[in-house]
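Q: Going down the list, the sequences are from chains A and B.
First residue of the first sequence? That's 838 in my numbering, and the numbers climb one at a time after it.
First residue of the second sequence? That's 496 in my numbering, and the numbers climb one at a time after it.
All C-beta atoms, glycine included, are put in the ideal place defined by N, C-alpha and C.
All values reported here derive from a predicted model rather than from experimental measurement.
There's a structure below that I have some questions on.
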Amino acid sequence: MRKDLKQIFTVAGTEFISWITNPRIIIFGVLIIFIKTLAIDPLSARAEKFGETLIIFEPFIALGNSGMLTLFIPLVFMVLLSDYPKLGGNSTFFISRTGKHNWLLGQILFLLAAVFTFLFIIFLSSALISGGRFGTSWSDAVTKYNSRFPNEAYNFDSQLLPSNLYNQIPMITALVQTFFLMGNYLLSLSLIIYLFKIIFCNSSGFAAAIAVMSAGVVTTSLYSPLRWAFPMANTIIWLHYDEILKKPVYPVWCSFAYFGVLISALIALCFFALRKLKFTED
Amino acid sequence: MNIANILSKKCAGTLIAAALMLSLCGCSNNTSVSDSSDPAEFGNLDLSEAIISENVPTVGEWYTFRLKSSVRSPSTASCMEKAAEALEIPNFDRDKIIYQIYGDAYHNEFEVSEKEMTRDYYKSLFIAYYTTDDIHIDILNNGRTVYNNRRLIRETVSNPQLLDYDSVLKAGWMPSNSSEYVKSYDISDADGMNDKYALNGKEISVREGIDIAIDFINRSRSLNEYSKRITFEPSEVSVRRQTDTNYGFYFKFRSLLDGVPMDNTNSGTLDGWGTTLFPIYDYLYFNDVSSAAYFSASSVCADEFISAEKTEINYDIKGACAVVSKELSQEHKFKIVSAELIYCADSIEDPETKQMEHVIKPMWQFIITNTGMQFGTICVNVDAKSGEMFMRAVQ
């Protein structure tokens, strides 16, 4: 058992170091610039116009609740992860030494670490760049802006933090839910890539993940009831709530349950597919 | 201290006197709950500055009225004919009414005469109009009727050439659009009501103008068991200058049912285009004591009366607050500006005939400001009998 755990952590550690030191990680910088331009700067400008300061957590919540950014952020994560899991060359010997199950558990641990690191860096960057102040409740710059400037209520900037959020849930709850739902979204997409890689030994999983994302974007944009069948709508918290009515449009716990079932199913399928994987063919 | 206590303490004295007046006229108990509501009772409602008005009908009882629109049926022409008769339009020729058809079933709008009208055409009737050199009347599919005295406008308004445009021929035209704003009046300003202005050479006071306008409305409208209970009160009065010596009065009248105000937010019966399905306002422009130059009325076509049932008020202000508090988000403190027991209309389209059916019933109407939504102000209605809640944005 102890040996198994060591092997699992070794696999995860090796992959994580390889991932974090990959030159491709530079895309992350581009993502931060993009986030700053598209979300943080507009929010800061609104706060300045209102004569208030943002709370440092608000930009991150906005990132997880913007339709465009919940498309772009996972896309960057998938690009960073598109080479994984590596199933060629030395990997064959690596897997045969650790065992298939330990290898896959190590890969899942790596994915968890990668998702957490990715989101944590985004969270940290957005908090630092925002120039906001610490606080545990929504700022007036967010909650009262639309009332003071009603003509801007349907601008892209206003949709970053809509009233469905700040009228409905405390900011800290929104922050925690954003982090975990976003994490689940990234993990689900990563597992789709992994599953296809294990089955077909190629990168078709990337296309499959893009297809799932696209279906989510389309159904969410059309406000179709089918949107709840895809990860994207389940990630965006404000879609779960009405603007002021207490009764939710779709309970948040259902989205956590959705991701629980989806991720469990994808992991089970990965294990099932792994049994049939023959490394001699690589 | 709860709202019931506030009402009892603040209004106890006045209620006794007010009760004696109820059989004579409609009244309302206006109460400010400033500094006295219990914030813990309705944790998400800020009632500290709310004005609460519990109106009482002149007949002493509340009713639920059911009506069916007379438009989109052969009654449309009869309705216009009655209006023409009341407005003393000479030589009105029913055969010259034009029906504009536009709806989902047709790609483009087209016009037909009454003889060409079919059952299907009535379902897609958008507007019926009658225009001559002297007058224009149109009836929109929601029952709103627009009347223009084109002769009067031509004689008195400085640039009546606007009437010559084809686009204006088929629609009512408000002469105040081409006149200069002078002053607005508050109805409670008794002195101001005595100000006099020359209307086409004859001087009359604002008060006299209001009386003439109400008389004009009453002459033009059809009455049935519902509409005869409607009265009108001015909600906007302004004076416009047409020429150096001639003025015009612009009035907006609000409808009252049994002396109780009707929903003036127009929020209950808006269609997808923002059109009011059950209009309650009448707009008039007078520049001559003999006739309105412009009259946009909710009251000319009397909708078909179906029933009037006595209705119990099961939810007092406290009960209504409890409903609103329970239904709205618990994470936000909603600022209530006012809560008023009034008559509100709900309108639905009959899927078969496409005619509108209206239900007018007593509801508590809460005006809420700080929602963070685009229309920062919203109104929340609570059915005073069933406690059902409806939420609408205020236009």
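Could you name the residues of chain A that residue 823 of chain B contacts, counting a contact when the two beta carbons are closer than 7 Å?
A: Ordered by position in chain A, the residues that pass the 7 Å Cβ test against residue 823 of chain B are 1081, 1082 and 1083.
Q: Below 8 Å between beta carbons: does that hold for residue 728 of chain B and residue 751 of chain B?
A: Yes; because the gap between Cβ atoms is below 8 Å, this pair is in contact.
Q: Identify, in the order they occur along the chain, each residue of the same chain with its Cβ nearer than 6 Å to the Cβ of residue 892 of chain A, setting aside the five sequence neighbours on each side.
A: Cβ within range, chain order: 969, 972 and 976.
Q: Based on Cα-Cα distance, which residue from A/1050, A/1010, A/1036 and A/1012 lies nearest to residue 1024 of chain A?
A: Taking only the C-alpha atoms, the option nearest residue 1024 of chain A is A/1050.
Q: Would you kindly report the start and end of the unbroken alpha helix (DSSP H) that includes residue 853 of chain B?
A: Note, residue 853 of chain B: premise wrong, no alpha helix (DSSP H); beta strand (DSSP E) at 851 to 863.
Q: Do you know whose CA, among B/582, B/784 and B/725, lies nearest residue 741 of chain B's CA?
A: Closest option to residue 741 of chain B, Cα to Cα, is B/784.
Q: Using three-state DSSP, classify residue 876 of chain B as helix, strand or coil.
A: Correct three-state label for residue 876 of chain B: strand.
Q: Going by C-alpha to C-alpha distance, which of B/743, B/719, B/711 and B/747 sits closest to residue 731 of chain B?
A: Among B/743, B/719, B/711 and B/747, the Cα nearest to that of residue 731 of chain B belongs to B/747.
Q: Among B/587, B/607 and B/855, which one has its Cα closest to the Cα of residue 594 of chain B?
A: Closest by alpha carbon: B/607.
Q: Quick one: what's residue 743 of chain B bridged to in DSSP?
A: Residue 743 of chain B is bridged to B/735.
Q: Go ahead and pull the three-state DSSP assignment for residue 581 of chain B.
A: DSSP places residue 581 of chain B in helix when its eight states are reduced to three.
Q: With 8 Å as the threshold, decide whether the Cβ of residue 902 of chain B is near any Cβ in chain A.
A: Nothing can be reported for residue 902 of chain B, as the shown portion of chain B is limited to 496 through 890.
Q: Can you give me the C-alpha to C-alpha distance between residue 677 of chain B and residue 710 of chain B, rounded to a whole angstrom?
A: If I take the Cα positions, the gap works out to 24 Å.
Q: Within the 8 Å Cβ cut-off, does residue 865 of chain B reach chain D?
A: Of the chains in the structure shown, none is chain D; the protein chains are A and B.
Q: Within 8 Å of any Cβ in chain B, is that where the Cβ of residue 1006 of chain A sits?
A: It does: the Cβ of residue 1006 of chain A has a partner Cβ on chain B nearer than 8 Å.
Q: For residue 840 of chain B, list the residues DSSP reports as bridge partners.
A: Per DSSP, B/855.
Q: Keeping to the same chain, check which residues put their C-beta closer than 6 Å to that of residue 844 of chain A; ignore five residues upstream and five downstream.
A: Excluding sequence neighbours, residue 844 of chain A sits near 935 and 939.
Q: Mind reading off the beta-carbon distance from residue 882 of chain B to residue 810 of chain B? Whole number of angstroms is fine, and I expect it under 8 Å.
A: With 8 Å as the limit, residue 882 of chain B and residue 810 of chain B qualify as a contact, their Cβ atoms being about 5 Å apart.
Q: How many angstroms separate the CA atom of residue 884 of chain B from the CA atom of residue 836 of chain B?
A: For residue 884 of chain B and residue 836 of chain B, the distance between alpha carbons rounds to 14 Å.
Q: Suppose the cutoff is 8 Å on Cβ atoms and the five residues either side in sequence are ignored; what does the same chain contact list for residue 601 of chain B look like?
A: For residue 601 of chain B, where only same-chain residues beyond five positions count, the Cβ hits under 8 Å are 619.
Q: Beta-carbon separation of residue 995 of chain A and residue 869 of chain A under 8 Å?
A: No. Outside cutoff.
Q: Using beta carbons (cut-off 8 Å, strictly below), is residue 1000 of chain A in contact with chain B?
A: True, the Cβ-Cβ gap to chain B drops below 8 Å.
Q: Buried or exposed for residue 916 of chain A, going by 16 or more other Cβ atoms inside 10 Å?
A: Result: exposed.
Q: Could you tell me the distance, in whole angstroms, from the CA atom of residue 669 of chain B to the CA atom of residue 737 of chain B?
A: One C-alpha to the other measures close to 12 Å.
Q: Answer yes or no: does any C-beta atom of chain B fall closer than 8 Å to that of residue 984 of chain A?
A: For residue 984 of chain A, the answer is yes, since a Cβ of chain B falls inside 8 Å of its Cβ.
Q: Just the C-alpha distance for residue 983 of chain A and residue 1010 of chain A, rounded to the nearest angstrom, thanks.
A: Looking at the two C-alpha atoms, the distance is approximately 22 Å.
Q: Check whether the Cβ of residue 886 of chain B lies closer than 8 Å to any Cβ atom in chain A.
A: For residue 886 of chain B, the answer is yes, since a Cβ of chain A falls inside 8 Å of its Cβ.
Q: Does the beta-carbon distance from residue 614 of chain B to residue 629 of chain B come in below 8 Å?
A: Taking 8 Å as the Cβ cut-off, residue 614 of chain B and residue 629 of chain B do not qualify as a contacting pair.
Q: Return no unless some Cβ of chain A is closer than 8 Å to the Cβ of residue 853 of chain B.
A: No - not a single Cβ of chain A is within 8 Å of the one on residue 853 of chain B.
Q: Near residue 1099 of chain A, which residues of its chain fall below 6 Å by C-beta distance, leaving aside the five closest residues on each side in sequence?
A: 1025.
Q: Comparing C-alpha positions only, which one of B/758, B/780, B/848 and B/844 sits nearest to residue 877 of chain B?
A: Of the candidates B/758, B/780, B/848 and B/844, the one whose C-alpha sits nearest the C-alpha of residue 877 of chain B is B/758.
Q: Would you kindly check if the distance between the Cβ of residue 644 of chain B and the Cβ of residue 792 of chain B is under 8 Å?
A: Not in contact: residue 792 of chain B and residue 644 of chain B (Cβ atoms no closer than 8 Å).
Q: What first and last residue would you give for the beta strand (DSSP E) that runs through residue 551 of chain B?
A: 546 to 551 is the extent of the beta strand (DSSP E) around residue 551 of chain B.
Q: Going by the beta-carbon positions, is the gap between residue 631 of chain B and residue 667 of chain B smaller than 8 Å?
A: Yes, Cβ-Cβ distance for residue 631 of chain B and residue 667 of chain B is below 8 Å.
Q: Would you mind stating whether residue 775 of chain B and residue 749 of chain B have Cβ atoms separated by less than 8 Å?
A: In contact: residue 775 of chain B and residue 749 of chain B (Cβ atoms closer than 8 Å).
Q: Apart from the five residues just before and just after residue 1021 of chain A, which ones in its own chain have a Cβ nearer than 6 Å to its Cβ?
A: Excluding residues within five positions, the ones whose Cβ falls inside 6 Å are 1096.
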